[in-house]
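Asks:
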Amino acid sequence: MNHFTSAHDVKSISALVEKALMYKSTPWKDESLGKHKRIGCLFLNPSMRTRLSTQIAAQQLGMETVIFNVGQDGWALEFADGAIMNGTTVEHVKDAAPILGNYFDVLAIRTFPSLKNKEEDYSEYILNQFIKYTGKPILSLESATLHPLQSLTDIITISESMQAQKMESRKPKIVMTWAPHIKALPQCVANSFAQWVNKWGEAEFTITHPIGYELKEEFTQGATIEYNQNEALKNADFIYVKNWSAYTNYGMIPEVSGSWMMTNEKLISTNNAKILHCLPVRRNVELSDEILDGSNSLVTKEASNRVWAAQAVLSELLVNSINNQVL
Ligand code: CP
Numbered sequence: 001m002n003h004f005t006s007a008h009d010v011k012s013i014s015a016l017v018e019k020a021l022m023y024k025s026t027p028w029k030d031e032s033l034g035k036h037k038r039i040g041c042l043f044l045n046p047s048m049r050t051r052l053s054t055q056i057a058a059q060q061l062g063m064e065t066v067i068f069n070v071g072q073d074g075w076a077l078e079f080a081d082g083a084i085m086n087g088t089t090v091e092h093v094k095d096a097a098p099i100l101g102n103y104f105d106v107l108a109i110r111t112f113p114s115l116k117n118k119e120e121d122y123s124e125y126i127l128n129q130f131i132k133y134t135g136k137p138i139l140s141l142e143s144a145t146l147h148p149l150q151s152l153t154d155i156i157t158i159s160e161s162m163q164a165q166k167m168e169s170r171k172p173k174i175v176m177t178w179a180p181h182i183k184a185l186p187q188c189v190a191n192s193f194a195q196w197v198n199k200w201g202e203a204e205f206t207i208t209h210p211i212g213y214e215l216k217e218e219f220t221q222g223a224t225i226e227y228n229q230n231e232a233l234k235n236a237d238f239i240y241v242k243n244w245s246a247y248t249n250y251g252m253i254p255e256v257s258g259s260w261m262m263t264n265e266k267l268i269s270t271n272n273a274k275i276l277h278c279l280p281v282r283r284n285v286e287l288s289d290e291i292l293d294g295s296n297s298l299v300t301k302e303a304s305n306r307v308w309a310a311q312a313v314l315s316e317l318l319v320n321s322i323n324n325q326v327l
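Numbering (our numbering), first residue to last: 1 to 327.
What follows is the structure, given as structure tokens:
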């Protein structure tokens with residue numbers, strides 16, 4: 001694994017899940033792997049879970065972490081090729097990224113989409129320039145279109161729950177459902193979850209959302225799309241709840257009829273489904289209190305598992321960069 005930006009960077013999702021669960025049972029097993037190695041975590045946008053879990057994972061591999069909140073503390077970065085920088089941006093990524101490559105052994109980046117320019121966002125304009133100019137492994141902490149560490153965590157959490165429920169002998173039914181929100185959110189978590197579940201191939205996968213909220217087909221191909229939420233939820237084993245804004249009418253929030261918030265009542269037709277959400281969550285908008293505080297919720301376990309996902313991925317990046325140096 002040279003970089004970690006999507007499911008395409010992973011040979012076997014199941015093997016990576018096993019590695020994460022191995023770290024969960026023996027967190028300090030590889031505490032020397034990252035000795036004298038440094039990870040820089042650049043945040044162009046806010047975070048709690050991603051930031052802290054990555055830092056803990058790096059520490060458990062013996063790495064030093066430097067956090068840099070670019071949005072707050074750094075110079076305003078320019079990403080446009082050939083830009084005449086007589087405006088608000090102060091430093092070009094072409095100048096900043098190679099320096100970061102000299103400071104760090106792994107560079108981790110969180111950046112959100114503009115939700116205004118679809119082509120630019122879906123070209124992963126910012127992330128790809130760091131890949132081009134840094135010269136070191138890049139770890140996505142969520143990008144314009146994907147959130148791979150979250151999706152790996154989600155599959156770890158589902159796998160763990162399947163083991164606990166002794167349901168490994170059959171494919172679970174996983175339903176990803178759109179949920180209401182007060183503002184336009186990126187499609188990254190939903191795109192990414194769909195991409196990872198489809199590549200994993202160990203589930204029957206249904207996506208349900210109101211008309212107008214179709215995701216890019218590249219990510220959903222392989223899943224059943226069902227516009228009727230009640231229909232979709234029938235016999236579900238796991239429900240992934242997430243809001244996203246429109247992809248087609250980019251960044252818009254088309255009007256929705258009916259109630260899409262997940263409640264206990266909606267669980268009646270399911271197979272006592274377990275509930276996942278990446279957090280942060282708007283209580284009683286996306287999910288009801290009764291669901292979040294009830295026994296079917298996996299959301300706290302899921303957020304805790306972020307550490308093991310980050311540790312498994314960082315370990316792969318470190319081993320790969322050590323092997324490349326030896327060669
Ligand atoms: N789920 C997630 O990425 O959380 P943070 O935004 O707090 O990192």
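By construction, the Cβ of each residue, glycine as well, lies at the ideal position given by its N, Cα and C atoms.
Since the model is a prediction, treat every value here as computed from it, not as a measurement.
So, is the C-beta of V93 closer than 8 Å to a C-beta in chain D?
Replies: Given the protein chain composition of this structure (a single chain), no chain D is represented.
Asks: Can you pull the DSSP bridge partners for T177?
Replies: Paired residue(s): T208 and V241.
Asks: Looking only at its own chain, which residues have a Cβ that is under 6 Å from the Cβ of Y122, when we skip the five neighbours before and after it?
Replies: Taken in chain order, the residues that qualify are T145.
Asks: Could you check what DSSP says for L381 in three-state terms: helix, strand or coil?
Replies: A query on residue 381 cannot be resolved here, the shown segment of the chain reaching from 1 to 327 and no further.
Asks: Q150: beta carbon under 7 Å from a heavy atom of the ligand CP?
Replies: Result yes, Cβ under 7 Å from the ligand CP.
Asks: Using 8 Å for Cβ pairs, my map puts K94 next to S315. What's the rounded Cβ distance?
Replies: The Cβ separation is near 31 Å, so there is no contact.
Asks: So, helix, strand or coil for H92, using DSSP?
Replies: Looking at H92 - three-state DSSP - the assignment turns out to be strand.
Asks: Who are the near neighbours of K199 in its chain, counting only those whose CB is closer than 7 Å to its CB and skipping five residues on each side?
Replies: Excluding sequence neighbours, K199 sits near A7 and I13.
Asks: Going by alpha carbons, who is nearest to I131 out of Q59, K183 and G101?
Replies: Answer by Cα proximity: G101.
Asks: Measure the C-alpha to C-alpha separation of Y103 and T65 and round it to an integer number of angstroms.
Replies: Cα to Cα, Y103 sits roughly 11 Å from T65.
Asks: Of the choices L21, L61, A97 and L149, whose alpha-carbon is the least far from that of Q129?
Replies: For Q129, the nearest C-alpha among the options comes from A97.
Asks: Return the CA-CA distance between W75 and N264, expressed in angstroms with no decimal places.
Replies: Using only the alpha carbons, I get a separation of about 47 Å.
Asks: Do the CB positions of Q187 and W244 come within less than 8 Å of each other?
Replies: Contact: yes.
Asks: Among all the DSSP beta bridges, which residues are the ones paired with E78?
Replies: DSSP output for E78 lists H92 as bridge partner(s).
Asks: DSSP puts I126 in a beta bridge; with which residues?
Replies: BP columns for I126 are empty, so no partner.
Asks: Excluding the 5 residues preceding and the 5 following I67 in the sequence, name in chain order all residues of the same chain whose CB lies nearer than 6 Å to its CB.
Replies: Hits under 6 Å: C41.
Asks: Roughly how many angstroms lie between the CA atoms of P27 and E255, to the nearest whole one?
Replies: Rounded to whole angstroms, P27 to E255 spans 46 Å at the Cα level.
Asks: Looking at the secondary structure, which residues open and close the beta strand (DSSP E) in which I109 lies?
Replies: Where I109 is concerned, the enclosing beta strand (DSSP E) stretches over V106 to R110.
Asks: Determine, using beta-carbon pairs with one atom in the stretch 30-46 and one in the stretch 148-167, whether at least three such pairs fall under 8 Å.
Replies: With the cut-off at 8 Å, the stretch 30-46 and the stretch 148-167 do not touch.
Asks: Shorter than 7 Å, the distance from the beta carbon of H181 to the closest heavy atom of the ligand CP, or not?
Replies: H181 Cβ: outside cutoff for every heavy atom of the ligand CP.
Asks: Going by the C-beta, is E142 closer than 7 Å to any heavy atom of the ligand CP?
Replies: It does: the Cβ of E142 is within 7 Å (strictly closer) of some heavy atom of the ligand CP.
Asks: Is it true that the CB of A190 sits closer than 8 Å to the CB of L356?
Replies: Missing from the structure shown is residue 356; the chain here goes from 1 to 327 and no further.
Asks: In whole angstroms, give me the CA-to-CA distance for R49 and T88.
Replies: Computed Cα separation, rounded: 30 Å.
Asks: Name the DSSP beta bridge partners of R398, please?
Replies: It is not possible to answer for residue 398, since the shown part of the chain is limited to 1 through 327.
Asks: Sort S304, A303, N305 and F4 by Cα distance to K136 and report the nearest one.
Replies: Looking at the Cα atoms, F4 is the closest of the given residues.
Asks: Should the stretch 272-283 be called in touch with the stretch 205-223, which here means at least 3 C-beta pairs below 8 Å?
Replies: Touching, no.
Asks: Pick helix, strand or coil for K274, following the three-state DSSP scheme.
Replies: Looking at K274 - three-state DSSP - the assignment turns out to be strand.
Asks: Please report how far the alpha carbon of Q325 lies from the alpha carbon of A203, in whole angstroms.
Replies: Spanning the two alpha carbons is a distance of roughly 38 Å.
Asks: For N228, count the other beta carbons within 10 Å of its own beta carbon; 16 or more makes it buried, fewer makes it exposed. Which is it?
Replies: With fewer than 16 Cβ atoms within 10 Å of its Cβ, N228 is classed as exposed.
Asks: Once you ignore the five residues that flank L77 on each side, which residues in its own chain have a CB closer than 7 Å to its CB?
Replies: Hits under 7 Å: V70, T89, E91, V93 and A96.
Asks: Nearest to P210 by CA position, among W196, V197, T220 and I225, is which residue?
Replies: Residue I225 is the option with its Cα nearest to P210.
Asks: Run through DSSP, which three-state label would R283 get?
Replies: R283: strand per DSSP, three-state reduction.
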